[in-house]
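Below you'll find the structure, written out as structure tokens, and then a few comments.
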Amino acid sequence: MYAGNAIVTPYGGGFLWSASATLNDHSQPFTMPAGHTAIGRITVPILATGGAADLVVSLCPDDGSGNPVITSPLATTTIPADWFLNLSTVTGVVGAGEDTTAAPLAAPSFNSTALTNTVTKNWNVPAVGPNGAGAYSAPVTSGNYAVFLGGYDATNATAESAVATVQYLGNQNLSGPTLQPSLPQALYFAAAAATSGAIVVAGGQPTTTTTTANVWVASWNNQTGQVGAWSKQTSLPVSVGQNTMAAYGDTVYMIGGISGSTVNPNVYTATVSNGQIGSWTVGPPLPGPPLFAQCAAVVGNWLIVAGGQDQPGNVYATTYYSAINADGMLSGWRIGPNLPVPVYQGSPQWDVTVTDTAMIIVGGVTAGATDTSALQILETSAAGVGAWQQQNYLNTPAYTQVLAFPESDATWTVIVPSNSQFFPASAYKMPLASVPLPVSGLTAGAKYHVYLHQVGGDSSNFLQFGLEGSALPDGFLFRPVYTTGAWSTDAPTAAVMAVFDQTATGPLLHIWEDPSSIGTAPRATTMVYDGGGKLLGLCEATAMSNEALNSNPTFTSGVSPWTATNGAITQSNAQTHGGLPFSGLLTPAGGSAQAYASSELLSLETSNPAPGTPHWLTPAGWFYSPTGWASFSLSVNWFDAGRNYLSTSSNTVTLPAATWTNISNAFQAPTTAAYASLVPTESGSPAASNLLYLSNVTLTYAPGVVRPLSSVTAVDYNAASQPVGTTQL
Numbered sequence: 049m050y051a052g053n054a055i056v057t058p059y060g061g062g063f064l065w066s067a068s069a070t071l072n073d074h075s076q077p078f079t080m081p082a083g084h085t086a087i088g089r090i091t092v093p094i095l096a097t098g099g100a101a102d103l104v105v106s107l108c109p110d111d112g113s114g115n116p117v118i119t120s121p122l123a124t125t126t127i128p129a130d131w132f133l134n135l136s137t138v139t140g141v142v143g144a145g146e147d148t149t150a151a152p153l154a155a156p157s158f159n160s161t162a163l164t165n166t167v168t169k170n171w172n173v174p175a176v177g178p179n180g181a182g183a184y185s186a187p188v189t190s191g192n193y194a195v196f197l198g199g200y201d202a203t204n205a206t207a208e209s210a211v212a213t214v215q216y217l218g219n220q221n222l223s224g225p226t227l228q229p230s231l232p233q234a235l236y237f238a239a240a241a242a243t244s245g246a247i248v249v250a251g252g253q254p255t256t257t258t259t260t261a262n263v264w265v266a267s268w269n270n271q272t273g274q275v276g277a278w279s280k281q282t283s284l285p286v287s288v289g290q291n292t293m294a295a296y297g298d299t300v301y302m303i304g305g306i307s308g309s310t311v312n313p314n315v316y317t318a319t320v321s322n323g324q325i326g327s328w329t330v331g332p333p334l335p336g337p338p339l340f341a342q343c344a345a346v347v348g349n350w351l352i353v354a355g356g357q358d359q360p361g362n363v364y365a366t367t368y369y370s371a372i373n374a375d376g377m378l379s380g381w382r383i384g385p386n387l388p389v390p391v392y393q394g395s396p397q398w399d400v401t402v403t404d405t406a407m408i409i410v411g412g413v414t415a416g417a418t419d420t421s422a423l424q425i426l427e428t429s430a431a432g433v434g435a436w437q438q439q440n441y442l443n444t445p446a447y448t449q450v451l452a453f454p455e456s457d458a459t460w461t462v463i464v465p466s467n468s469q470f471f472p473a474s475a476y477k478m479p480l481a482s483v484p485l486p487v488s489g490l491t492a493g494a495k496y497h498v499y500l501h502q503v504g505g506d507s508s509n510f511l512q513f514g515l516e517g518s519a520l521p522d523g524f525l526f527r528p529v530y531t532t533g534a535w536s537t538d539a540p541t542a543a544v545m546a547v548f549d550q551t552a553t554g555p556l557l558h559i560w561e562d563p564s565s566i567g568t569a570p571r572a573t574t575m576v577y578d579g580g581g582k583l584l585g586l587c588e589a590t591a592m593s594n595e596a597l598n599s600n601p602t603f604t605s606g607v608s609p610w611t612a613t614n615g616a617i618t619q620s621n622a623q624t625h626g627g628l629p630f631s632g633l634l635t636p637a638g639g640s641a642q643a644y645a646s647s648e649l650l651s652l653e654t655s656n657p658a659p660g661t662p663h664w665l666t667p668a669g670w671f672y673s674p675t676g677w678a679s680f681s682l683s684v685n686w687f688d689a690g691r692n693y694l695s696t697s698s699n700t701v702t703l704p705a706a707t708w709t710n711i712s713n714a715f716q717a718p719t720t721a722a723y724a725s726l727v728p729t730e731s732g733s734p735a736a737s738n739l740l741y742l743s744n745v746t747l748t749y750a751p752g753v754v755r756p757l758s759s760v761t762a763v764d765y766n767a768a769s770q771p772v773g774t775t776q777l
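And the structure:
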């Protein structure tokens, strides 16, 4: 199974973690999009605490009232706790360039970043001219400061030269602007970047019809926010505007740009030494056609270039990235994952910001020169990049300046500034689980559910789900574990869940085996790759047998060991189900309050359930009442170690007349129970004419109670990147 294409994406914004999943089951409804009838996998943020817990994930139909039919799953996969503990860290992906020995499989493909809701705060916009804030000033973030360079005075239709800084004060607050030495040349649509000790401005438009190759450099102190005097340095090899820049250490990269109808196809690299640029070097050319207005950023030791526009006006979704060598030179471009929404920057350095591990594109311009509200996030690590994660973030589609500042608790604050206000939000690390759930033959426009059931766990070892502050369009559902009551909506939140089709795109991601074609994977495997497609490891889970505890559930060998109370149990072929030749027939004696059949006593002393897991059991079967019956229960009687009766678990339902009906319950055994008996029961004084046919009546452990066997394996490589062995984690 491959990554596929996203057909359902989360709305985004308002990110938070749910409460522990120990006490409640959860379900996220979604509507199958038009034109689609199959899914391959889903992704959902899952945070592991302590030793985590196993998780059963099922795709279920809707009951017509907005609730999942968990008794008839279309596909089920069990994800062992080991996967959560090894594929993601508690705080997210290991940072780019950091040591990964503690979590060698915490790759960016299974980790991302999510943003909370924004708040609104007032501020003074950095002024770039006599008419106040100008358009298109280039923002550069460095340390706890943002520098705004140049811009456009729309009133006078002229470029501006002003430079201003604002300081991030912590607690999602910005200072007012401080004016700095102005640029020697008024510019807009100019690219800019900050090195460790300098601000570099390159290219741009001094007028609405001309571009320049000029390069300006000023000293920069990211501890004090002071910009020094500007000096003219070696010009770019080409005159361009709407170019973009990024910096790594003392090296700057100038990418793309356009002058008239000519697009610059090259990447130019220069080193800033003591405030001087001696020359520009042509770096490895980007693959594909020449583009301008690309989104570019340095994250860790990667230079990433995404999107852009060609001269005819086509907008691209391509992503390219290159490792940066110790001397700042590029090692060569790799083809990365496509953007979910093709986009280009509305102005140089706009729409893009970075955290320590992620490139974040907020809004931007897409096809037809229309703005987008999409939030697109690309996680990275020392091993490479993951896949773009899409959310919808801005309330109004826009291209915008965007800033990011680190906090002391490993989170980041992302800020979108506006004319008289700014909008901060917190960015959290988000471990992201990919779950194979391959199902075809679905109905476009129909509602389905992703059902999430944590297996075991306690107050110290549990899972949490990533939620957002809006619906998908339906809210996140919950109810107490193993109960059959009504589902409640955790309004107005929804899981930050994406649904993917079965398109064979990218490397092989999952192997999902269902040899019995029952919709449950006895074996599931997830592969973990670096950004270059090298296999880092794999996670495997094999389901343990969960056969029926009772014998002769189908009555094909007669009726033994079934017995009847206040009636008779016989084998019958008058009404059968599921292609079976026989069913069991319960004929009430009449004159009694109830009539029931009983299986043999079934031992609960088994090693199958997970250690410490309560004995939850699932009675299930098919039942046919020719007359219909209003008081039927598929019950379970409980007995202690001495086989003394303890209690009965029941759930009374109505059987429609002359219709085979599937009944399934989930009951928790009393703590002293050592035996159980399966007891389909007609209550309400059934007459001899109130016949009951029984087919495939079973008692099994509830889904997930039987833990899978799991393993997590890392592939070992030598210095030449050749596989030399494996390590069991």
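Each number in my numbering comes from the position in the sequence shown (counting from 1) with 48 added on. Every residue gets a Cβ at the ideal spot worked out from N, C-alpha and C, and that includes glycine.
Under 9 angstroms between C-beta atoms of I127 and V547: To locate residue 127, count along the sequence shown from 1; it is residue 79. To locate residue 547, count along the sequence shown from 1; it is residue 499. No, they are not a contact pair.
Is the segment 158 to 168 in contact with the segment 182 to 201, if contact means three or more CB pairs nearer than 8 angstroms? no
Nearest-angstrom beta carbon gap, F526 and S94 [assumed within contact, 8 angstroms]: Against the sequence shown, residue 94 aligns to sequence position 46. Against the sequence shown, residue 526 aligns to sequence position 478. A small fix is needed here, since residue 94 is Ile in this sequence, not Ser. Actually they are not in contact, since the Cβ atoms of I94 and F526 sit about 15 angstroms apart, beyond 8 angstroms.
Please check the pair L231 and V576, which I expect to be a contact at CB under 8 angstroms, by giving their CB distance rounded to whole angstroms. What you label residue 231 is simply residue 183 of the sequence shown in a count that begins at 1. What you label residue 576 is simply residue 528 of the sequence shown in a count that begins at 1. That belief does not hold up - the Cβ atoms of L231 and V576 are roughly 47 angstroms apart, past 8 angstroms.
Using the three-state DSSP reduction, which class does G432 fall into: helix, strand or coil? The sequence position of residue 432 within the sequence shown is 384, counting from 1. Residue state, collapsed to three classes: strand.
Tell me, please, whether the segment 532 to 550 touches the segment 502 to 521 by the rule of three or more beta-carbon pairs shorter than 8 angstroms. yes
Do you know whose CA, among Y369, A415, P629 and T491, lies nearest G432's CA? If you number the sequence shown from 1, residue 432 lands on position 384. Checked all of Y369, A415, P629 and T491; the closest Cα to G432 is Y369.
Report the residue ranges of all beta strand (DSSP E) runs contained in full by the segment 683 to 722; include only those spanning at least 3 residues, in chain order. 693 to 697, 700 to 703 and 709 to 712
Is the number of C-beta pairs between the segment 99 to 114 and the segment 481 to 499 that are closer than 8 angstroms three or more? yes
Suppose you measure from the CA of T243 to the CA of T574; what does that come to, to the nearest Å? As a working mapping, residue 243 is identified with position 195 in the sequence shown. As a working mapping, residue 574 is identified with position 526 in the sequence shown. Near 40 angstroms, if we compare the C-alpha coordinates of T574 and T243.
Would the segment 738 to 749 count as touching the segment 667 to 686 if we require 3 or more Cβ pairs under 8 angstroms? yes
Is the segment 394 to 403 touching the segment 330 to 337 in the sense that three or more CB pairs, one from each, lie closer than 8 angstroms? no
Secondary structure of D375, DSSP reduced to three states: Working through the sequence shown from its first residue, we reach residue 375 at position 327. Three-state DSSP puts D375 in coil, outside helix and strand.
Terminal residues of the beta strand (DSSP E) in which F471 lies: Reading the sequence shown from its first residue, position 423 is the one you call residue 471. From DSSP, the beta strand (DSSP E) with F471 extends over Q469 to V487.
Closest Cα partner of G533 within the set Y50, M49, I118 and Y59: Taking the sequence shown and counting its residues from 1, one reaches residue 533 at position 485. It is I118 whose Cα lies nearest to the Cα of G533.
Are the segment 579 to 591 and the segment 763 to 770 in contact at 8 angstroms, needing three or more beta carbon pairs? yes
DSSP state of S466 mapped onto helix, strand, coil: Within the sequence shown, the letter at position 418 stands for residue 466. Correct three-state label for S466: coil.
When we look at the beta-carbon of Q469 and count the other beta-carbons within 10 Å, is it buried (16 or more) or exposed? The sequence position of residue 469 within the sequence shown is 421, counting from 1. Flag for Q469 reads exposed.
Does the segment 753 to 764 come within contact of the segment 632 to 643, defined as at least 3 CB pairs closer than 8 angstroms? No, the segment 753 to 764 is not in contact with the segment 632 to 643.
Just to confirm the assignment, what range does the beta strand (DSSP E) spanning F630 have? In the sequence shown, residue 630 corresponds to position 582, counting from 1. F630 -> no beta strand (DSSP E), and no H or E assigned at all.
Local conformation of D73 per DSSP, three classes: As a working note, residue 73 is residue 25 in the sequence shown. Strand.
Cβ pair count under 8 angstroms reaching 3, the segment 343 to 354 against the segment 317 to 329: no
Same chain only: Cβ atoms within 7 angstroms of L133, ignoring 5 sequence neighbours per side: Position 85 of the sequence shown, counted from the start, is the residue given in the question as residue 133. A96 and A100, listed in sequence order.
Among L235, P77, Y447 and V211, which residue has its Cα nearest to the Cα of T226? For this step, residue 226 is matched to residue 178 along the sequence shown. That would be V211, whose Cα lies nearest to the Cα of T226.
Straight-line Cα distance separating T444 from V311: As a first step, residue 311 is located in the sequence shown; it is residue number 263 there, counting from the start. As a first step, residue 444 is located in the sequence shown; it is residue number 396 there, counting from the start. Near 30 angstroms, if we compare the C-alpha coordinates of T444 and V311.
G602: which of Y50, E561 and F671 sits nearest, CA to CA? Along the sequence shown, one-based indexing puts residue 602 at 554. As written in the sequence, residue 602 is Thr, which differs from the Gly given in the question. Ranked by Cα distance from T602, the options Y50, E561 and F671 are led by F671.
Within 8 angstroms, do at least three Cβ pairs link the segment 248 to 265 to the segment 232 to 239? yes
Residues of its chain near T729, where Cβ-Cβ distance is below 6 angstroms and the 5 sequence neighbours each way are ignored: Translated into positions along the sequence shown, residue 729 becomes position 681. Q642, Y644, S681 and S683.
Backbone CA spacing between T404 and T553 [nearest angstrom]: On the sequence shown, residue 404 is found 356 positions in, with the first residue counted as 1. On the sequence shown, residue 553 is found 505 positions in, with the first residue counted as 1. Note that residue 404 corresponds to Asp in the displayed sequence, not to Thr. Taking the straight line from one Cα to the other gives about 28 angstroms.
Could you check which residue in L649, A452 and K280 has the C-alpha nearest to that of V400? What you label residue 400 is simply residue 352 of the sequence shown in a count that begins at 1. That would be A452, whose Cα lies nearest to the Cα of V400.
Are there any heavy atoms of the ligand SAM lying less than 8 angstroms away from the beta-carbon of W398, as far as the coordinates show? For the structure depicted, the ligand SAM is absent and the ligand set is empty, with no information on it obtainable.
From what residue to what residue does the alpha helix (DSSP H) around D764 run? Within the sequence shown, numbered from 1, the residue matching residue 764 stands at position 716. Where D764 is concerned, there is no enclosing alpha helix (DSSP H), although the beta strand (DSSP E) it sits in stretches over L757 to Y765.
C-beta contact flag for N172 and D549 at 9 angstroms: For the purposes of this step, residue 172 is taken as the residue at position 124 of the sequence shown. For the purposes of this step, residue 549 is taken as the residue at position 501 of the sequence shown. Cβ atoms of N172 and D549: not closer than 9 angstroms.
Whose CA, out of P360, A365 and Q359, lies closest to the CA of V353? Along the sequence shown, one-based indexing puts residue 353 at 305. Of the listed residues, the one whose Cα sits closest to V353 is A365.
List the whole-angstrom C-beta distance separating S631 from Y741, where the pair is believed to meet the contact cut-off of C-beta under 8 angstroms. Stepping through the sequence shown from its first residue, residue 631 is reached at position 583. Stepping through the sequence shown from its first residue, residue 741 is reached at position 693. The beta carbons of S631 and Y741 sit about 5 angstroms from each other, so the pair counts as a contact at 8 angstroms.
C-alpha gap between S66 and S507, whole angstroms: Position 18 of the sequence shown, counting from 1, holds the residue named residue 66. Position 459 of the sequence shown, counting from 1, holds the residue named residue 507. Distance between the alpha carbons of S66 and S507 is about 14 angstroms.
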